[in-house]
Every structure is written in structure tokens, then in C-alpha cells.
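Residue numbers (the UniProt record's numbering), protein chains in the order written: chain A, 1 to 89; chain B, 1 to 119; chain C, 1 to 515; chain D, 1 to 333. Cβ coordinates follow ideal geometry from the N, Cα and C atoms, glycine included. Keep in mind the model is a prediction, meaning the values are calculated, not measured.
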Amino acid sequence: MSQLVFIAFQDNDNARYLVEAIAEDNPEAEIQHQPAMIRIQAEKRLVINRETMEEKLGREWDVQEMLIDVISIGGNVDEDDDHFILQWT
Amino acid sequence: MSVNALYDYKFEPRDKVENFNGMQLLYVLWPNHLMFCSPFALLVKPDMTFGTMVEEILKPATAPHPDAAKADFLGAQWLLNDEPFTPDVNASLKDNGIDHKSMLTVTTPGLNGLAGAGF
Amino acid sequence: MAVKSKKLNLKDKYQYLTRDMAWEPTYQKKKDIFPDEDFEGIKITDWSQWEDPFRLTMDAYWKYQAEKEKKLYAIFDAFAQNNGHQNISDARYVNALKLFLTGVSPLEHAAFQGYAKVGRQFSGAGARVACQMQAIDELRHSQTQQHAMSHYNKHFNGLHDAAYMHDRVWFLSVPKSFFDDARSAGPFEFLTAISFSFEYVLTNLLFVPFMSGAAYNGDMATVTFGFSAQSDEARHMTLGLEVIKFILEQHEDNVPIVQRWIDKWFWRGFRLLSLVSMMMDYMLPNKVMSWSEAWEVYYEQNGGALFKDLERYGIRPPKYQDVANDAKHHISHQLWGTFYQYSQATNFHTWIPGKDEMDWMSEKYPETFDKYYRPRYEHWAKEHAEGRRFYNNTLPQLCQVCQVPTLFTEMGEPTKLSHRQMKYEGERYHFCSEACCDIFKHEPEKYVQAWLPVHQIYQGNCEGGDVETVVQKYYHINIGEDNFEYVGSPDHKRWLSIKGKSSDDKTERAKRDAA
Amino acid sequence: MSIEIKTNSVEPIRQTYGHIARRFGDKPASRYQEASYDLEAKTNFHYRPLWDSKHTLNDPTRTAIRMEDWYAVTDPRQFYYGAYVGNRAKMQEAAETSFGFCEKRNLLTRLPEATQKQILRLLVPLRHVELGANMNNSKIAGDVNATTVSQMHIYTAMDRLGIGQYLSRIALMLDGSTGAALDESKGYWIDDDLWQPMRKLVEDTLVVDDWFELTLVQNVLMDGLLFPLVYEKMDQWLGEQDAEDVSMLTEFMRDWYKESLRWTNAMIKVVVAESEANLEQVQAWVDQWEPQAYNALKPLAEASTGIEALDEIRAQLSTRLKKFQLQSQGVSA
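So, in C-alpha cells, the structure goes:
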């Protein structure tokens, strides 16, 4: 059986960078645009890297900044200074 | 099974018959007539006759359904609390063995609701 | 000070900033400080194994939350200043908000109280702090919802007395008893019920597709509070999953207890969400996703992945999950049919869906809609057109546990009610399903106390014996304004006037009635 | 061109919610009002709590204090969640600047070892007192049934966690973020004679069941002596030990305490003015707890500012309570 993790963001300017960064680091992830929100799902694992985000934004970025735009998640969370990972083990 | 609490957990049931001022609750289900979304919850006098209950309560309750005019409730098949039951039309509900919070199910053969959808 | 040792990493630093502030008491017994921690039978051998679900210190919390609030209130202000209510898709949509404000918002407040309580009950400081943060978040949701609806309340009926109604109105005892059940339970059950079963497994169904639907219907105020609240929810869900894993890892004896709670709370949550199913399918004039599609994505798919992950602890998917999965084809229609016939006693309006909407439902529910539900609406529409708008003039039987009228049907038999009854200590009890009956059997002492609105009316505890008096005086539902059919209601007339149509616009009415 | 003005559709049909209108009339209400009044469930609770044999959910008799309407107790700051976090976000921004400034210039690590040790022994252990305050305020928020009152307590609970975190960060600054200084400081809290009366008092409050008694003890009597002693008197005293830079790191606490007086005073005032019985009950609690708070702080005062400073503060508390017809054992009173 497939085991999908997912994350959903409000469809706003911040989310564009997040989605870009996620697409780059998780090439197999599926990105769904729904009214006012963007939902991204992937098999087993999805990662957001601070480094990629900082590249996209051209500034320092704290992983916890993501909390402002996220709507929902599915999967075990592993968060530290450098990344936010959603996964099923 | 029993509840797991920090103390001896025991409270009165909220709907004991004493709380209904001499009346009791009766539920009636008319299968295959889901226009009425669930069994009727009725407040009845325990000494009301079964016939009166059908005439004065059940018939008006079911009246909005096109099948109601055709239904012979007194000649229908009855269940009392899921057991086959032959009502004594002239006896009281109590004497018919219908106690507080009992449920009657009345099936009217040949009347299966609208559109073949049990509605 | 001589500094030699290694710098702390983020996890350890957070630990120092929260649970390291706790200490082993010696002047008072631990048991007296935390008297509620043991009675449920959950064995915690080592609280230090608690994995902090998110590492937000208060300074960061204040900063991020203030930023969210600033954005949110800017939108509320703009919405009110621009009379945003005039730009929604259709005034029928507002009825979903009435149900939300009376049914959901009071639960946010109850969650605030519940989490503040468990935020003190645990002896593990990490768990306490996580719960307290959720407590204040829940207060936030309760308050932002009042503010989001404040403008609607000025222009539509039925939103004017939500908390008062929540304590009294018949169908609101469904959400009320759900949360009363959780709050009256012990702290571990509360977290399993709300953090895990509700927040993690089920709330996506309420907040994600429904809020996306709000956006699709032009309601910027609601979508903004909804998504903004849900951004806190991401933290709460993480807590929900962590707490379950923590309890399960602590002791194998915890597994059967937790499994029973998962079974119970999955089912109670599923029954509660049947209200949301009809909000999605019927109360959003512009539709995003059907209830059955949402159920597939957010329960069958995401829940499936979750329960697969929990297998290693010996946890299986909730009992009666198969019944719930089957019910996705039915419940929104069954609920709407119920509220349609009891609109005389609700603070919102109901109506027959338009032709396009019915066609959409045929497409989304190919196996069931045309066969079982379309005929109902066609019959009722005809009756209405002939001046006999259908209302059920009797009161419904309610389930002793979930308190929804016993309206659900058997799995695989959509025309057969799934009624159950049993006797306990000489009293008869009635249930909507095997699952609710099971819940009763485990804790009969609890459920015999249920305040069932129909029975309370009959006992004479609701200011009157007739429905009209109860509705007006006890419920504070303004008769002829808040209740009954939508077509021709004051809300409907006001909406037509906003849109520049005359209130006796026959074509509009005829169009709807012909559906 | 004709301009159609659809007044009937633009004009509101009501100004506010029914429960707000019943209190204040049907006129536009403030955000504070709509967020704070009559939101919690009041009646028709379904099940009795498994953890409490004596009370229902949201039971107003969870305290011995009786109020006709608990909503008579309001927040002079008019904090609802949004206003609260907005205010604290500003305060934390200022605190962040101070912490950053201190860290960058090594202002604390430049202090003599003995002074650093005094900070760890006399100031940082208060983080544990803050955690006790956090727990107590969370309990109160869970027990109170009027939102005007419960929300003030959950804000306070979170504030106390935040204050505990700022105190902890002082130690992390001293030890270069290894945690060693926090371990040392916690040792004082557990074992040092200086802290034992205070630790006992905090543990004693953790078993108080009556929530109003608890808010009185925690937020009025203990804080009423502790905050002025530590963050004013001891702050000056630390300055005299050439550790005036510490003052930058406790600015948050001084501002916070000054602000908290507004709601604690308002609450006590309304509650004791309600009835003779309330006044008597509160007075009994003051008699019971105020001397304990004083005694718990004595060793700290003796080791730093001197006992006179504590006596002076005690007199101030006594004057404050007197405004509400309450008597306490202020030295000069």
C-alpha cells in the first residue's frame, strides 16, 4: 500500500518560495493547486531544507517561519535547525 | 465493562420514567419510510389504549407520507423491542407490555415507500 | 566562567528551556501534586522519553502568532469595511457559517478549557507545556471565529446567540456531548480523543476542504481564519501523533487501552463530522470536493498511512472503519434530509438543491445519489411547489451515545435503519449503530447521564411542551427569521435585494422549485 | 445615470451578538467584548468528570468565592488573544535586542566569577518558581468558568513560561550554551538552604485546590513580594556589585510585573467588593499565606539586598491590599 505524506500551504507569496524549494528537493512530489491552498504529497518522505529556502529567498530563513503559512501536515515530523522532514517509517 | 474513574462513579440515569410526570416514552419505526429520518419519539400516557395511540398519534405523525392514507396500521405486522408482537387494540399500552422507552416497529405489507428507495 | 564543554543542539536547548525547569518535589508528594495521572491505567515509566513535538519557545511563539494575527485582523477589517458579505457566491452559503459558529466555535472554547486542564495534570513538563500552548491556541480560535462571524451576524440571521444555543439546541448536543465526553475523561484519554483521533485523524476534513470551499464561495474572512487556525493545527497534530507514540512506547499494557480509545474516538469523531459532510455537499453553493472525495483523501489515504505506521506498536485501524468508509456514499444526503425536515427547529435554513447541484451529486455519488436520494428531493420539491413544504412534526429518536437522531442505515443496506437497543440495569437504551452501542457497553455509567434534548423537552425542562415555545424561548431561535425553508426567508429576501432583484422574483423561485 | 442606493441591504440588522447585546445593549461592540463574554458552556453538561466526584464540568463552585456573575471581573488591559500576542511580540522584540547586545559584547561573561556565581545562585533559580507559577495559572485557566477570568490566567501561564525561559537564557549566556550553568543553578534550587523555604512554598501551592485561593497566593501575594524584591531591589543591589548589565536582561520582568498589577488589582477589588463573605474568605487566605511568602523570601533578601528591602516591599503590599479593605502584616503598617 502506498503511504503518502503531505503538507498544505496557504496560497500566498511565501508559499511560492516554499513550493519551489520543495519541488527542487523532492522531484517526485505531487503539487496540487486547490482554491486558496497548495497541497503537496509524496511517497513516504518530504523534506524542506533551510539552505534551499535561503537560496530562493536570498536571506536567512528560520525553519519555524514555515508555521505561518502551513495549513496541515500528514506524517511524522522531524525538525531541526536545517530542515523540516515529514515521513512514515 | 465498567468505567475507570478516580472514585466510585455512579449516577442516576437521566431518563428514568419518574422524570416524565406520569407519562412515558415510546418510539415507533415504520420501516421503508425513510421520509421520516428516524423512529418517532413520542410522549404517551401508559394507560392510553393501543388503538388510541395509533389513531391519535401515529396516524397524524405519518400523514405527510403518500403511503399513510393506504396504510392499515392496526392490521399490520408489529414488533415490540425487536420481538414479534400482537397488540391488543383495546388494552392500554402498559397492559400490552409496552414499557418506558420501548420501541414498536410496524411493517405495512405492500407499502414500501416511494421510488423503490424505501423512502 | 570557564567554558569547555560542547554547545547544546536545538533539541537539548529546548529541553533546558522547558522541562528542565521542573524538579522532583520533596516537600509535597508527587501523587498529591498530580492526582489525576494514574487512574486510567496508563503506565508511564519515564517521562524523560517524551519527544517534544515542536520546539517553540515563548518569544518565538509571540512573534509568529502576532504576525499571523496581524494578517488575519487586517483581512477582517477589510472584509467589514467593504461589506464583503455582499460578494459571497450566494446567501445560502451563510447557513454553513451558522452551523459552524454554533456547532464548532464553542468546541474551540471547550478545547481551551480542556487543554488548560491537562496542561496541569501531567507530571511530565514537556507534555504540559505542549498542552498549554495548544490551550492558548484554542482560545485564539474561539475568539477569531467570533470576530470573523461578527460582520455576518450584522447582516444575516441565526448567528446571534451561538454559545447559548450550543448548551440547549437539540442537534448541538452532538458536538457538546462529544467534548463533554472528552473533558470529563482522564488526561490521557482526553489527549487520545482530541489530539490524536480528532486533531490528527479527522480535523483536516473540517478545516481543509471546507475552508478551501469558503474561498471558492468568496468568503475571505472565513477562509482566512480557517487556514490561520489550521496553521496552529499543524503543531497540534504533531502533538497528537507524539503523544500516542509516547504512550505506546512506555508500556505494552497501554496498547489495549489506547486501542479502545482510538476505536471509541474515531467513531465519535466520525459521527460528529457527519454534520460537516452536509456542510460540504449541500451548503457550499460552489463546490470544491465532495464529502466522499474528502473522506478518501483525508481519511482513507492519510489515515491509512498513519495506521500502517502505528502497526509496529500493535495498533490496528479503528474498529468499524469499514462502516465509516461505506457511509461516505450516504451520510451527507441522510443528514441533509434530516435537517430539511426539522428546519423548524434549527438556527439555519435548508432547501432543495438546484438542478446543477443535483447533477453534480449524481456525478460524485454515482452509486447512490440517483437511486436513493434524488427521488426524495424531487418528491419534496413537488410538495413544496404545491404549498406543502415538508416538515416532520414529531420529534426524532436520538442515539444515547452520539446523540444524532438514529437515522443512519446498515452497511450495504441503504434503506434499513441501523438501530440497536439494549437494557442496562432495567432501563432501555437506543443507539444509531453497533459502534455507539459498543461505546455504551464499555462505560454505561457515563452514558446513562446523557442530556438528550428530545427527552428533556418531554420532561418539561425546556420552558415548554410544544416545539414552538421551546424553539423561541429555550433555544433563542427567532421563529420566521432564523428557521424554516431558505426560499422566501428574510435572509433570502435580503440577498435578492443586495443583488438588485426584487424579493418576489418569481423566476428565481420557480427555477429553484422546479429542481 | 442613476445611482441606486440599496440602504436596506447595507444597513446591519443588528449590531452585535445577542449575549453581548443583553449585557451592553445592541450597539457596536469592541473586539474584547465579543471575544470575552459568555463563550463558555454554562449548563446541561452531559457527564460528570471521572476525575472529580464533587463538581460538574465548568462548575462555578470550584472556589469558595461566590460571585453573582464572574464576568464582573474583567481585564483593564482588554486583552483578547490577538491583543495579547501583539503586545508580547513587542516586548519580546525589545528583550531580544537586549539579549543580543549583551551576548555580542560578552557583558555577562566579563563579570567576575564571584558575581557570575551570585547570578546563578540568587537569580537563575527563580526559573523554577516561574514554572510553578506557570502550572498554577494553567490550572486556574482550566478551572475558571468565565472567559474574562480564564483568559487572563492562560496568558499569565504562558508569560511565566516565557519569563522562566529568559532566566534560563541568562545562564546559557554565562556558560556558552552548554547547560552547565543551568545544572549548577538547579542544584541551588534543590539543595541550597537559601532556596528551601521558597521551594517548599511553591510545592505547597501546587496542591492548593481552590482556584481563587491559588490566584491570590500566586499572582498577588507571592508575586507582590517577589517581583519588587528581585527585579527592583536585587537589581539595584546587583548594580552595586558592578553587574548592572543584568538589568537589561530583566527589563521584561519589570515591565511585565507593572502591567500585571492592573489586572490583579482589578480582580481583587471586584471580588472582595462583591460580599462580606468574599472579603472574609480572602482575608483568611491573606492571613494564611502572606507570612509564608514573606518567610520564603527572607533568605534571598538576607543574602542580597538585606532584610530591610523586603520589609519595605512588604509594607507596600500591605498598602496595596488596604485599598481593598484587606489587612496584612506590613512592617510599617
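For the 8 Å CB-CB criterion, A/A29 and A/I38 do not form a contact.
Here the alpha carbon of D/T147 sits roughly 35 Å from the alpha carbon of C/H492.
Ranked by Cα distance from C/G218, the first of C/P175, C/V94, C/P209 and C/S89 is C/S89. Distance from the CA atom of D/I307 to the CA atom of D/A301, rounded to whole angstroms, is 5 Å. Around C/F227, the beta-carbon contacts reaching into chain A at under 8 Å are Q10, A36, M37 and I71.
In this model, C/T409 and C/V323 are separated by some 10 Å (Cα to Cα).
In this chain, the beta strand (DSSP E) harbouring B/F85 covers E83 to F85. Exclusion of the five residues before and after C/Q456 leaves C462 as the residues of its chain whose Cβ lies within less than 6 Å of its Cβ. Apart from sequence neighbours up to five positions away, the residues of its chain that approach B/K101 with a beta-carbon distance below 6 Å are L25, ordered along the chain. With a threshold of 8 Å between beta carbons, D/S53 makes contact with chain B. Positions of the alpha helix (DSSP H) runs, each at least 4 residues long and wholly inside the segment 91-124 of chain D, are given as 113-118 in order along the chain. In the structure shown, A/G74 adopts extended strand secondary structure according to DSSP, grouped into three states.
Here the segment 471-480 of chain C makes contact with the segment 166-186 of chain C; the two share three or more CB pairs at distances below 8 Å. Here B/L43 has M23 as same chain residues with Cβ atoms under 6 Å from its own Cβ, once five neighbours each way along the sequence are excluded. No residue range can be given for B/L74, since it is assigned to no alpha helix (DSSP H) and is classified by DSSP as neither H nor E.
Chain D places no beta carbon closer than 8 Å to that of C/E233, leaving this residue out of the contacts. According to DSSP, residue pairing for A/E30 in a beta bridge involves A/Q41. The continuous beta strand (DSSP E) containing B/L29 extends over residues Q24 to L29.
C/N204 has its alpha-carbon roughly 10 Å from the corresponding atom of C/V297. DSSP lists B/A41 as the beta-bridge partner residues of C/L395. Interface annotation, B/F11: in contact with chain D, CB-CB separation under 8 Å. Contiguous alpha helix (DSSP H) elements confined to the segment 46-120 of chain C occur at 58-81 and 94-103, taking only those with 4 or more residues.
Between D/L310 and D/L297, the CB-CB gap stays under 8 Å. Boundaries of the beta strand (DSSP E) around A/Q10: L4 to Q10.
When Cβ pairs closer than 8 Å are counted between the two stretches, the segment 61-73 of chain D is seen not to touch the segment 174-190 of chain C, the count staying below three. Per DSSP, reduced to three states, the secondary structure at D/L326 is coil, with no helix or strand assignment.
Your pair C/V94 and A/P35 does not check out as a contact, with CB atoms roughly 18 Å apart and the cut at 8 Å. For C/S277, none of the residues of chain D pass the 7 Å Cβ criterion, the least Cβ distance being about 23 Å.
The C-alpha of C/Y200 is placed about 5 Å away from the C-alpha of C/M237.
Using a CB distance cut-off of 8 Å, D/N278 does not count as an interface residue toward chain C. If you check the CB distance, C/T406 and C/H430 come in under 8 Å.
Contact between C/S274 and C/H329 does not hold, since the beta-carbon distance rounds to 13 Å and is not under 8 Å. For chain D, the residues of the segment 157-180 of chain C that bring a beta carbon within less than 8 Å of one of its beta carbons are N157, L159, H160, D161, A162, A163, Y164, H166, D167, R168, S173, K176, S177 and D180, in chain order.
Near chain C, meaning a CB-to-CB distance below 8 Å, the residues of the segment 72-95 of chain B are N81 and D82.
In the DSSP assignment, the residues bridged to C/Q421 are C/H430. Contact of B/M53 with chain C by beta-carbon distance below 8 Å is absent, the smallest such distance being about 13 Å.
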